[in-house]
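Q: Quick note: the sequence shown uses our numbering, first residue 2, plus one each step.
In this text, a Cβ means the ideal position worked out from N, Cα and C, and glycines have one as well.
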Amino acid sequence: TLAGFQLGYHPNEWEWLIERARGKFGLELLTAAKLVAERDNHQGFYDYFVDRVMFPIRDTQRRPVAFGGRILPSNTFENAPKYFNSLESVIFQKSRLLYGLDHARDAIRKTETMVVVEGYTDCTTAHQFGQNNVVATLGTALTETHVTNLKRFARRVVLVFDGDDAGQNAAERALPKFLAQEVDLRILTLPAGMDPADYLEAHGSDA
Numbered sequence: 002t003l004a005g006f007q008l009g010y011h012p013n014e015w016e017w018l019i020e021r022a023r024g025k026f027g028l029e030l031l032t033a034a035k036l037v038a039e040r041d042n043h044q045g046f047y048d049y050f051v052d053r054v055m056f057p058i059r060d061t062q063r064r065p066v067a068f069g070g071r072i073l074p075s076n077t078f079e080n081a082p083k084y085f086n087s088l089e090s091v092i093f094q095k096s097r098l099l100y101g102l103d104h105a106r107d108a109i110r111k112t113e114t115m116v117v118v119e120g121y122t123d124c125t126t127a128h129q130f131g132q133n134n135v136v137a138t139l140g141t142a143l144t145e146t147h148v149t150n151l152k153r154f155a156r157r158v159v160l161v162f163d164g165d166d167a168g169q170n171a172a173e174r175a176l177p178k179f180l181a182q183e184v185d186l187r188i189l190t191l192p193a194g195m196d197p198a199d200y201l202e203a204h205g206s207d208a
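1. Classify tyrosine 121 as buried or exposed, calling it buried when 16 or more other Cβ atoms lie within 10 Å of its own Cβ.
2. At a cut of 8 angstroms, does the segment 106-117 reach the segment 77-87 through at least three beta carbon pairs?
3. I think glutamine 182 touches valine 148, with their Cβ atoms under 8 angstroms apart; what is that distance to the nearest whole Å?
4. Within 10 angstroms of its Cβ, does alanine 167 collect 16 or more other Cβ (buried), or is it exposed?
5. My understanding is that arginine 97 touches threonine 61, with C-beta atoms under 8 angstroms, so please give their C-beta distance in whole angstroms.
6. Between the beta-carbon of leucine 201 and the beta-carbon of phenylalanine 130, is there less than 8 angstroms?
7. Hey, could you find the ends of the beta strand (DSSP E) histidine 11 is sitting in?
8. Please confirm whether glycine 69 and leucine 8 have their CB atoms less than 8 angstroms apart.
9. Taking the alpha carbon of arginine 153 as the reference point, which residue from Val135, Val184, Ala171 and Ala203 has its own alpha carbon closest?
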């Protein structure tokens with residue numbers, strides 16, 4: 002799974018990528034790609050992702066266009082968000098992309114069904130358990146553009162959002178967007194507030 006999804010890690014150093022890019026990619030290009038940012042006092046630059054597990058976000062041609070970063074349990078940054086994505090850029094609009102679609106296309110074509118979860122780890126865990134038609138939203142609510150793109154790949158869409166209140170509310174908000182575009186939509190509700198990764202770990206793929 003690590004190799005297939007090309008997962009990685011950015012160390013807890015604020016200029017780790019800048020140093021490794023020296024002589025290969027200039028600061029102007031790294032800034033345009035939203036991988037580094039200029040400091041508030043204009044005294045240099047810093048890496049955008051620090052001390053995070055890195056999830057490459059690829060388009061349907063398998064080209065990396067952005068990253069998602071997740072902090073580790075040991076992270077000591079105060080009020081650090083658990084996840085964040087690359088900032089939007091010329092090549093990355095998160096309302097148009099789904100994480101894992103480049104991996105899931107063949108399985109979606111065979112089953113004519115796309116399963117949509119909320120998180121990177123839910124998606125990668127599903128693939129690890131052999132559920133290969135699973136994709137994830139990029140930390141954002143499903144949009145009309147998402148639904149239009151989903152229709153291009155699958156006849157049936159199954160939303161498997163987390164079993165907590167937030168997940169169920171997200172599923173309810175998505176309903177009108179699917180109904181407006183006449184998509185064959187199913188909603189799978191997980192028990193006891195579990196998320197898809199927890200459920201797979203506890204009950205296995207067949208369940």
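A: Quick answer:
1. Reading the sequence shown from its first residue, position 120 is the one you call residue 121. Flag for tyrosine 121 reads buried.
2. no
3. Looking up residue 182 in the sequence shown gives position 181. Looking up residue 148 in the sequence shown gives position 147. About 5 angstroms separates the beta carbons of glutamine 182 and valine 148, which is inside the 8 angstroms limit, making them a contact pair.
4. What you label residue 167 is simply residue 166 of the sequence shown in a count that begins at 1. Counting C-beta atoms within 10 angstroms of its own C-beta, alanine 167 has fewer than 16 neighbours from the protein chains shown and is therefore classed as exposed.
5. The sequence position of residue 97 within the sequence shown is 96, counting from 1. The sequence position of residue 61 within the sequence shown is 60, counting from 1. No, arginine 97 and threonine 61 are not in contact; Cβ-Cβ is about 10 angstroms, not under 8 angstroms.
6. Sequence index remark: in the sequence shown, residue 201 carries index 200 (1-based). Sequence index remark: in the sequence shown, residue 130 carries index 129 (1-based). Cβ distance < 8 angstroms, so leucine 201 and phenylalanine 130 count as in contact.
7. Along the sequence shown, read from residue 1 onward, the residue named residue 11 stands at position 10. First-last of the beta strand (DSSP E) with histidine 11: 9-11.
8. The sequence position of residue 69 within the sequence shown is 68, counting from 1. The sequence position of residue 8 within the sequence shown is 7, counting from 1. No, Cβ-Cβ distance for glycine 69 and leucine 8 is not below 8 angstroms.
9. Along the sequence shown, read from residue 1 onward, the residue named residue 153 stands at position 152. It is Val184.
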